[in-house]
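2 protein chains.
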Amino acid sequence: MAPRTRNNPLALAVLALLWERPMHPYEMSMTLRERRKDESVRLNFGSLYSVVDSLVKHGLIEAASTEREGNRPTRTVYRLTDAGATEAVDWLSDLLRTPVKEFPQFEAALSFLPLLGPDDVARLLRMRIAALQLNVTTVDTAREQARAQGLPSVFVLEADYDSALLHAELDFVVGLEASITDGTLEGVAMWRELHARASGSASGRLEPEELAEALAPYFTPEGAAPPTA
Amino acid sequence: MAPRTRNNPLALAVLALLWERPMHPYEMSMTLRERRKDESVRLNFGSLYSVVDSLVKHGLIEAASTEREGNRPTRTVYRLTDAGATEAVDWLSDLLRTPVKEFPQFEAALSFLPLLGPDDVARLLRMRIAALQLNVTTVDTAREQARAQGLPSVFVLEADYDSALLHAELDFVVGLEASITDGTLEGVAMWRELHARASGSASGRLEPEELAEALAPYFTPEGAAPPTA
DNA sequence: TCCCGAATGCTCGAACCAGAGTATATCTCG
DNA sequence: CGAGATATACTCTGGTTCGAGCATTCGGGA
């Protein structure tokens, strides 16, 4: 048997839910929604069913019964196996112990920022700031609501984490926007000049050569020799 | 033609690289490595070649020539099309303007934390803290090195962002570990009791019923009625 | 009574991705 | 000077993921 790769955390969610009681897939998805776990784990129907199949194939869960209510499609109810319980604990422990490298899309965007001009970037970042502020209030009111319901913090730590990351991103973006706008970001002058020339050109876009030349001193073919002063 | 989905940021990286000059796929991957962009964009060979194919199919890049050196496999050199340049700018703008929901694995883990006992969790978090501290120093020395090479900050913003997120996570985890250990986290008493009973049981693991009962007051079938005091 | 829309519960295909595998060329080091 | 390590440059395969689509049932209003 293929030695299971732990790629989709939705599988962990399934194991965790079945820990409580046997369920059929649709019920799992509804339960995850009800508990807002779909904010922390990517949930979509197609993936859910294939994840369940894969868990069955690896003996971590098993069909407990198939039932039907009225004339609806039959539902298969699954239960956790011993191997599944062990796997849940192991996997969860691993995730807590060892940070995994993530690739946020915004980070990718930052990598290629110089393609756009500084003024455009600053404008876009201001829009991002507004959106982030909205997200912050959304998350924070959701947290308050959970507290008001008497749900102890232990059960909503994921929201706290989310909030912490959101605030960190917001701070970063605010600082970045400011440093571009007021020109204190190192290299912004060169960046601006590059695009000033470009906007005079036919396309209005940065010309390939310009960018290549600007980068050349730092990334020579021989490998990042520092530009001699 | 299928209206291209913007899922893999590696495609954006390809567009950005070809903006500078035509390249063949292997050269792209090496350039990304050299510039450390593989820290911000998930790069692997298999994906690179399929991403390139897909971009060709959608007319965003095109084969410029095929060449061979000595007896090596032939290389196809690609160049950016006008449509590709537009797409790069649009996509990049979108990524900067609009935050996209990410699903960090650690957040998923936090969602299912109560499966483990508080002492185990605290121990695992202490290991995570050590690992995160190591990552922080790694990222920060890399940044300093880049600065020492004279590379202006505009070209390494992604590292700054990474560092900001890392610090935020570190702070969060340190706080969480402390609040579990000293018992100030709300609900930790109940959590501890749950597992104290479990460890006396045959399996040494939390019994399904225990967890279900603990959760029941907050997530009733009718939908999250607050437990009446 | 009958139709609309929401909820229930799953199926399917196409795209996507990861990473091992392949094959040659060059470099290195005793 | 030969053998292994490293670099070059893909190719293949099989699993994963997405999201639209399908089929049924139920409740509620005209």
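One line per chain: the protein sequences are G and W, in this order. For reference, each letter of the first sequence is one residue, going 1 to 229 in the UniProt record's numbering. For reference, each letter of the second sequence is one residue, going 1 to 229 in the UniProt record's numbering. Beta carbons: idealized from backbone N, C-alpha and C, even for Gly.
Residues of chain W with CB closer than 9 Å to the CB of residue i, please, in chain order.
i         : result
G/Lys-25  : The sequence as given places Pro at residue 25 of chain G; Lys does not occur at that position. The contacting residues do not exist; G/Pro-25 stays about 18 Å from chain W at best.
G/Leu-194 : Ordered by position in chain W, no residue passes the 9 Å Cβ test against G/Leu-194, which lies about 10 Å from the chain.
Kindly indicate which three-state DSSP category residue i falls into: helix, strand or coil?
i         : result
G/Glu-62  : strand
W/Val-100 : coil
W/Thr-76  : strand
W/Thr-220 : Note that W/Thr-220 scores 48 on pLDDT, short of 50, meaning its location in the model is unreliable; the coordinates nonetheless yield the value given after this. Correct three-state label for W/Thr-220: coil.
Looking at chain G, is there any beta carbon in it that lies within less than 8 Å of the beta carbon of residue i?
i         : result
W/Met-190 : yes
W/Asn-135 : yes
W/Val-89  : yes
W/Met-127 : yes
W/Glu-158 : yes
W/Arg-143 : no
W/Ala-63  : no
W/Arg-33  : no
W/Ala-11  : no
Would residue i pass as an interface residue toward chain W - the criterion being a Cβ-Cβ separation below 8 Å?
i         : result
G/Asp-162 : yes
G/Ala-172 : Reading the sequence as shown, one finds Phe at residue 172 of chain G and not Ala. Output row for G/Phe-172: interface = yes.
G/Leu-55  : no
G/Arg-4   : no
G/Leu-60  : no
G/Thr-98  : yes
G/Arg-197 : no
G/Arg-21  : yes
G/Glu-222 : Residue placement at G/Glu-222 cannot be trusted, given a pLDDT of 36 that sits under 50; the coordinates are not used to answer.
Please list, in chain order, the chain G residues whose beta carbon lies closer than 8 Å to that of residue i.
i        : result
W/Ser-40 : Phe-103, Glu-107, Ala-108, Leu-110, Ser-111
W/Leu-48 : By Cβ distance, chain G contributes nothing, its closest Cβ being about 15 Å from W/Leu-48, past 8 Å.
Quick one: measure Cβ to Cβ for residue i and residue j, integer angstroms, because I've assumed they're closer than 8 Å.
i                      : j         : result
residue 235 of chain W : W/Leu-194 : Residue 235 of chain W lies beyond the stretch modelled for chain W, which goes from 1 to 229, so this question has no answer here.
G/Val-89               : G/Leu-55  : The Cβ separation is near 15 Å, so there is no contact.
W/Gly-59               : W/Ala-83  : 5 Å
residue 278 of chain W : G/Glu-102 : Outside the displayed span of chain W (1 to 229) sits residue 278 of chain W, for which this structure offers no information.
W/Ala-212              : G/Glu-20  : 4 Å
G/Leu-43               : G/Ser-29  : 6 Å
W/Ile-180              : W/Pro-118 : 5 Å
W/Ala-122              : G/Pro-99  : W/Ala-122 to G/Pro-99, Cβ: 17 Å. No contact.
G/Val-52               : G/Pro-9   : Not confirmed; about 14 Å, so no contact.
W/Leu-96               : G/Ala-168 : The pair is not a contact, with the Cβ atoms about 17 Å apart (cut-off 8 Å).
Applying a beta-carbon distance threshold of less than 8 Å, which residues of chain W neighbour residue i?
i         : result
G/Gly-187 : Pro-152, Ser-153, Val-154, Phe-155
G/Ser-93  : Leu-116, Asp-120, Leu-124
Along chain G, in chain order, which residues have C-beta atoms closer than 7 Å to that of residue i?
i         : result
W/Ala-85  : Arg-205
W/Val-139 : Here the premise fails: no neighbours, minimum Cβ distance about 11 Å.
Applying a beta-carbon distance threshold of less than 9 Å, which residues of chain G neighbour residue i?
i         : result
W/Glu-177 : Near W/Glu-177 there are no residues of chain G at all, since even the closest Cβ is about 10 Å away, more than 9 Å.
Quick check on residue i: buried or exposed, where buried means 16 or more other Cβ atoms within 10 Å of its Cβ?
i                      : result
G/Ser-65               : exposed
W/Met-23               : buried
G/Ser-40               : buried
W/Leu-134              : exposed
G/Glu-177              : buried
G/Lys-37               : buried
residue 309 of chain W : Limits of chain W in this structure are 1 at one end and 229 at the other, which puts residue 309 of chain W out of reach.
G/Ala-196              : exposed
G/Ala-63               : exposed
residue 232 of chain G : Any answer about residue 232 of chain G is impossible in this case: the structure gives chain G only from 1 up to 229.
W/Glu-107              : buried
G/Ser-50               : exposed
W/Arg-147              : exposed
W/Ala-189              : exposed
W/Phe-172              : buried
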